[in-house]
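Protein chains in written order, with my numbering: chain F, 10 to 429; chain L, 10 to 429; chain A, 104 to 479; chain D, 104 to 479.
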Amino acid sequence: MASNAAELPDEQTLRTNVRMWLERNWDPDRKLVEWRRMLAETGWGCPEWPEEWFGLDYPSSLANAVQDEIASFGAIGVARSGVRMLAAATLLEHGSAAQKSQFLGGILSGEDTWCQLFSEPGSGSDLAGLTTRADKQGDHWRINGQKVWTTSAHHANYGMLLARTDWDVPKHRGLTFFVVDMKQPGVEVRPLKQMNGYASFNEVFFTDAIVPLDRVVGERDGGWSVALTTLANERRVADGMRAWGSVQAGTGGIFEELAAETRTVNEPYKWYPQRAGRPDLVISQARAADLDQDPVVRQAIANLLILEKSSQWTARRAREAHLLGRPQGPEGSLGKLAASHVARAAAEVHTMIAGGEALLAGKDGPLDGLIAEILLSVPAISIAGGTDEIQHNIIAERVLGMPKEPRTDVDRPFKDIPRN
Amino acid sequence: MASNAAELPDEQTLRTNVRMWLERNWDPDRKLVEWRRMLAETGWGCPEWPEEWFGLDYPSSLANAVQDEIASFGAIGVARSGVRMLAAATLLEHGSAAQKSQFLGGILSGEDTWCQLFSEPGSGSDLAGLTTRADKQGDHWRINGQKVWTTSAHHANYGMLLARTDWDVPKHRGLTFFVVDMKQPGVEVRPLKQMNGYASFNEVFFTDAIVPLDRVVGERDGGWSVALTTLANERRVADGMRAWGSVQAGTGGIFEELAAETRTVNEPYKWYPQRAGRPDLVISQARAADLDQDPVVRQAIANLLILEKSSQWTARRAREAHLLGRPQGPEGSLGKLAASHVARAAAEVHTMIAGGEALLAGKDGPLDGLIAEILLSVPAISIAGGTDEIQHNIIAERVLGMPKEPRTDVDRPFKDIPRN
Amino acid sequence: MKFSFTEEQALFRDIVRRFVVEQSPREEVRKVMETNAGYDPALWQRLCESLGLHALHIPEKYGGQGFGAVELCIAMEELGRGLVCSPLFGSSVLAGTAILEAGMAQDRELWLPPLAASERRYALAVDEGGGCWDAKSLTMQYTQQGDTYSLSGKKTFVVDGCSADVIVVAAREPETKGLNGITFFMVEASAPGVNRRLLDTVDQTRKLAEIDFNNASAKLLGTPGEGGSALERTIDLCRVYLSNEMVGGAQRLLEDAVTYAGTRLQFGRTIGSFQAIKHKCADLLLHVELAKSAAYCAAEAAATGDPEFSALAALSKAMAADTYVKTAAQTIQIHGGIGFTWENDTHLYFKRAKSSETLFGQPAWHRERMLRGWQI
Amino acid sequence: MKFSFTEEQALFRDIVRRFVVEQSPREEVRKVMETNAGYDPALWQRLCESLGLHALHIPEKYGGQGFGAVELCIAMEELGRGLVCSPLFGSSVLAGTAILEAGMAQDRELWLPPLAASERRYALAVDEGGGCWDAKSLTMQYTQQGDTYSLSGKKTFVVDGCSADVIVVAAREPETKGLNGITFFMVEASAPGVNRRLLDTVDQTRKLAEIDFNNASAKLLGTPGEGGSALERTIDLCRVYLSNEMVGGAQRLLEDAVTYAGTRLQFGRTIGSFQAIKHKCADLLLHVELAKSAAYCAAEAAATGDPEFSALAALSKAMAADTYVKTAAQTIQIHGGIGFTWENDTHLYFKRAKSSETLFGQPAWHRERMLRGWQI
């Protein structure tokens, strides 16, 4: 909803107003939740949100100015990290007024944390093939099934749940989107250990878990389009999330609360830099191993750097086109695939450089085991968030306009589709 | 048809008999065709063929002994080169007695040459999708359509033609196999020039060409299974063909006739060694360019040699298993795909070594343009005789037993299948 | 650019592209590539008159268009896309850049206006075998007698060397090595002692010559012995121009492959609906876009005098070459048998890709140069 | 073999495979890999008693089975296939081969029978950092006083070094270099001055130790100063044994991938019916078969004393390593998210593949060695 430009303040006035308000109200000894509630009420927590829901309908230029002012003042903003912002975006677009009223405040204050309950063991690439069931019984829905790859499920209060409510229609048309209360007897969360030793994700088991009728987001059986909103926001929020982790520090109780929150939020992601292959470490490692003048190693390093830099420049091209308001070219869809190539090439070069020591962990390995962690984390990059195979399909079909494969699973009742 | 072992001569007696017969009958001043007719009549031209058709039903050990005796005597054997042997194998298995009687003699004497008219511009990988039509009209079939990749079509008298005779049944069930007379007004042969400058293949255009009714091989509409016999023999004959080219020389008019025949047969294949990438030339070229001690070039050479030798050993494993009568393992199906890898790797190394001169042709280029010819010929190896993509499908499905893709083109009338 | 083109640049690209589509269809390319000259004078005249491409990067004071490296790269990309046969690369780009980089004011005044007026065509002779155009390994020495200079020896891989009127030659002062002592000369192609021979190259769309100089009279260009860094910069610039030409060709190949795969039916489906083909095309797109980013980035570095320019030139050349060759090979593969025929256009691009891969040095060599450029 | 196995060898393979399936299922591997010893003594006892693997290549006169390199390679392939955790590789293969190659008659008589009787376990200490096990770059020197020898210094990457009773150590005569002066010693693991520490390696199925020797008393094995070529041959043999182990693992991974792809349904189809998966598997099959051919050929060369043996050992090691790593990575990819979990077995193979890739030298190093072995 774009606001009328005539109503918008000029940036300088806005900055002054924000600063004056902060000078009056900011107190590092306040409780974090209390402060964020105050800030959210002003609309300056998420100025790009609608006026009726904690926002001011500002365009991103003004919204960024407010954020900037808060940050440079040294104050803390509303809670914008983690999966909660996916929930917020989804609720803003598809939620009822009652749902927005109930959940948005707790999202911004940081009181509530959320998780996303979409993927299942049996439906990874084929998300719409999920089989967790929701059966309506009187005044509630009863949930049974299993979800997986659920970051933060162990500390979330709420989950965005996609479950099947009609088995007699084609797969995309029988799904409903729910807000489920994670803290109830029918929900069991178990950490899922990965091959690199971390447990960033969870499995979530539903056994007769309960969801009240008013917790359906969007239409009954219309959950697929709601979920698409969540997914579309996923990348953007993931970026914000990372930026968030590194921000404010200061003196006062509120900063301790914030630091604790940040630690919790960032915990599952701490191996993510290694997943990307750490090309930044390649040259220093080659020098340390006295291999930086080895012609064969140099070719491998050069190939990696060419790939990495070309990828970065391609991302820059996409951003510039976006900033200039130009239609997105192919360069915008290639980042994930390029990242796979870069990460794999980097892992190979790291192996080449570290030799036998590449697999030594902890204090025995190079960089206290970081190289080993790279080798064990890189395999995730071509799988998580859509496998390389799915990316190839998407790029070929959506960017190059190539024909789709004939499909046999989209126009028949879901119950008749072969599945595991 | 295996003959009764009791009737078989022992090898030494056989060799003596052959030699005695040759001493009586061989005369290098005879006409080539006359000599081959004589030899064919004895059964020693193709001793592994059935007794009623120019053969003796010998097992391959004895047949090889006869061939060996003829070769070491310095005499010339029957015509076993080129596509004619594909025709012979197909006729022996599926032809009528009249057809065998009419064609086999001319095949062995070398009087007739044959070509294979299967592939079409619109059906390459999907051979059964061909659209050349044969319509029955009174006492003959009338052929219209176009074939392509037809080696030797410009000098062949006969063609093995696969054409569609029923458009209302699924694609594999409406094809008929014909012997077509190539020297008739309705058949036009045009050479097809390739990217490397050679024209080894032809396009063949049929415009109301005529085939008598008795030239159907096998059943009407049963041509697919006949063609499978031809295709199954294709690789074996191709091997024999190459061996043939290099054999006999001697004094006498007959050898001149043979040399001319050999030149004609080999003409389309003279760039084939370059198609395989010529890994054998890599080390000498690297030395000549003073790059044999360059560490980066050495890695590329080493990778190539590993690939080449592993491929050769894999082929040896397949042959040994065959000789020992063991069931064929996966190693037997991989040769074509391995050859693609070797050829591509070799072409890359040749480029690396030759640098800017790689693309110079004729006297200006290294090895009188041979390197350039390699680079321009290698792209064929992953296409001709079944693309790498088709090979991957075949290996995955037949060797690894992986599931087939759902198909939409095999159980509907051919006329309803989308095609170009 | 670096990361986006201006609207004027985008417009310029459209104009060049339209010109190429209309004036140099691939039938024209096929006709012209069979000739010894390797270009159609009438088409070239139109290219000069309508678009001024021949003088795009020549400063206005010499009668040129006064545009920069980015615009020239755009033109190269579009000509590469259309596989246009023209003297642009050999004459304006290679020789013109050498004169701009090596010449003193009076040299430029003397030699650039005829180029900008498209009265004369030049060629640049540097390489003596191997095709790297490495300034340091140049061995031809000049002879000086008073104020007159003469050249003896052989140059090769001279782009459009047989059809040029004047040859810009890089030679060295006797007894020097490396970048020291390198000196540029202008030699009239018609001068006694100049013998030119067309090389028999597989890429018929780019004519290369071998030129023998036998005591040929030469005029000095620039300061004697001081041409080393100008030569290096000239070749690096031309590497970047060539990189942009290559990404244009690769992009066109990819489009051809996608189009063909979208229309060719086998097994009752377009072959483009099979993952084997589809994923290959997606992978090519990735690499073509990465190579474009590198080529554009190097173009900008050329225009702005970026201190990393030489490393970026090497990077873009390596990336463009690997990508173009890969794209060409895969486009043949996607076409199947038809892709291996003379009749299909893919092989023209394949040959251009292969000849561009090694011209001015091949990828592995540039990767090494790139690292050295970054002091790695 | 070279190109086919005898019926006896095929039978032997079946027996070992059945034993592995029955006695060392992957749950067993997971249990044992968590222990410090890294093997289950009861299972090891059964392996020794039922199959005699621990003494397979030890001559009968020392109480062994008297089989050759080909049979040992078959056993290694099958153990690699099952990812069996046992002291076979460290003790019998590495240390046993060293004693066979370096020891004189009396040394063999002294040290091999306890190995063949599975009374004692040995380990081989050669590498001092980097993991190439390159004989020429060994630096540890021994000290001699009269007839007694002692060792000081550090050895690392000692396979099963912490659980061995005796360490076979390669050291060198002071003031020597290259292959000259290399001498083998036997050091009791319990001797004063021997300090062993388990390395923290990601591949839990193969335990590696770092061993500090501080003036540790050592017994001579073989002739002082003459052990160079025995050491090289020992390591080359072990490279071939390891190559065969690797192809066993790769083969198993491929089977796992094909099985999973054949059962996992997505979009209403088994994922193995998608060309993206299917073609990947076909490509893996090709490489696994090529790597097998190389490993079998090197095994035969080991058995027959082929003069090309060292080059073939290098070839097989490079090929097996590249193939195993590639197969493991692709098998994870084919499994999707589940393939990245601890619960799925693929990562155990991935880690073994990566640790085998670099143990005894990585592929690029072996490619270079191969060429030198062929005088290229």
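Glycine included, each C-beta is placed from N, C-alpha and C at the ideal position.
In chain L, which residues lie less than 8 Å from residue 440 of chain A when you measure between Cβ atoms? 128, 133, 157, 158, 392, 393
When we look at the beta-carbon of residue 222 of chain F and count the other beta-carbons within 10 Å, is it buried (16 or more) or exposed? exposed
I want to verify the contact list: residues of chain F whose CB lies under 7 Å from the CB of residue 382 of chain D, in sequence order. By Cβ distance, chain F contributes nothing, its closest Cβ being about 11 Å from residue 382 of chain D, past 7 Å.
Does any C-beta atom of chain D lie closer than 9 Å to the C-beta of residue 408 of chain L? yes
What residue does the alpha helix (DSSP H) around residue 421 of chain A start on, and which one ends it? 412-438 is the span of the alpha helix (DSSP H), which, as asked, contains residue 421 of chain A.
Leaving out five residues on either side along the sequence, give the residues of the same chain with a beta carbon under 7 Å from the beta carbon of residue 284 of chain F. 352, 386, 387, 389, 390
Tell me which residue opens and which closes the alpha helix (DSSP H) that residue 384 of chain D is part of. 378-407
Within 9 Å of any Cβ in chain F, is that where the Cβ of residue 471 of chain A sits? yes
Measure the alpha-carbon distance for residue 164 of chain D versus residue 171 of chain D and round it to whole angstroms. 14 Å
Look at the alpha carbon of residue 456 of chain D and the alpha carbon of residue 424 of chain D, and state the distance between them as a whole number of angstroms. 7 Å
Which same chain residues, not among the five before or five after residue 347 of chain L, have their C-beta less than 7 Å away from its C-beta? 320, 323
Mind pulling the alpha helix (DSSP H) runs of 4 or more residues that sit fully within the stretch 103-181 of chain F? 106-118
Using 8 Å as the threshold, is the stretch 156-171 of chain F in touch with the stretch 121-139 of chain F, meaning 3 or more CB pairs across them? yes
Tell me residue 285 of chain D's beta-bridge partners as DSSP assigns them. In the DSSP assignment, the residues bridged to residue 285 of chain D are D:275, D:329.
Bridge-paired residues (DSSP) for residue 108 of chain A: Paired residue(s): none; residue 108 of chain A is not in a bridge.
Measure the alpha-carbon distance for residue 214 of chain A versus residue 435 of chain A and round it to whole angstroms. 43 Å
Distance CB(residue 301 of chain A)-CB(residue 265 of chain A) smaller than 9 Å: yes
Contacting positions in the stretch 298-315 of chain A - beta carbon closer than 7 Å to chain L: Within the stretch 298-315 of chain A, the residues whose Cβ lies closer than 7 Å to some Cβ of chain L are 302, 303, 304, 305, 306, listed in chain order.
Could you confirm whether any beta carbon from chain A is found closer than 9 Å to the beta carbon of residue 366 of chain L? Yes - at least one Cβ of chain A is within 9 Å of the one on residue 366 of chain L.
Among D:185, D:121, D:233, whose alpha-carbon lies nearest the alpha-carbon of residue 374 of chain F? Per the Cα distances, D:233.
Taking all protein chains shown into account, do 16 or more other C-beta atoms lie within 10 angstroms of the C-beta of residue 448 of chain A, making it buried, or fewer, making it exposed? buried
Compare the Cα-Cα distances from residue 202 of chain L to each of L:194, L:27, L:137, L:158 and report the closest residue. L:158
Which runs of the beta strand (DSSP E) fall wholly inside the stretch 122-172 of chain A and span at least 3 residues, in chain order? none
Could you name the residues of the stretch 341-361 of chain L whose beta carbon sits closer than 8 Å to any beta carbon of chain F, in the order they occur along the chain? none
Short of 7 Å in beta carbon distance, which residues of its chain neighbour residue 248 of chain F, apart from the five on each side in sequence? Order them along the chain. Reliability of the predicted coordinates at residue 248 of chain F is poor, the pLDDT of 47 falling under 50, and the value obtained from them is presented with this limitation in mind. Excluding sequence neighbours, residue 248 of chain F sits near nothing in its chain.
For residue 471 of chain D and residue 311 of chain L, believed in contact at Cβ under 8 Å, the rounded distance: 7 Å
DSSP three-state assignment for residue 192 of chain L, whether helix, strand or coil: coil
Under 7 Å from the C-beta of residue 378 of chain A: neighbouring residues of chain D: Contact annotation for residue 378 of chain A against chain D: 377, 378, 379 [CB-CB distance below 7 Å, chain order].
Give the DSSP-derived three-state secondary structure of residue 231 of chain L in the structure shown. strand
For residue 187 of chain F, which beta-bridge partners are listed by DSSP? F:170, F:225
How big is the Cα-Cα spacing for residue 366 of chain L and residue 382 of chain L? If I take the Cα positions, the gap works out to 12 Å.
What residues from chain L crowd round residue 450 of chain A, counting only those whose CB sits closer than 7 Å? 204
Beta carbon of residue 349 of chain A, beta carbon of residue 427 of chain A: below 9 Å? yes
C-alpha distance - residue 197 of chain F paired with residue 129 of chain F, whole-angstrom precision: 15 Å
Going by C-alpha to C-alpha distance, which of D:405, D:403, D:392, D:308 sits closest to residue 452 of chain D? D:308
Is any beta-carbon of chain F found at less than 9 Å from that of residue 462 of chain D? yes
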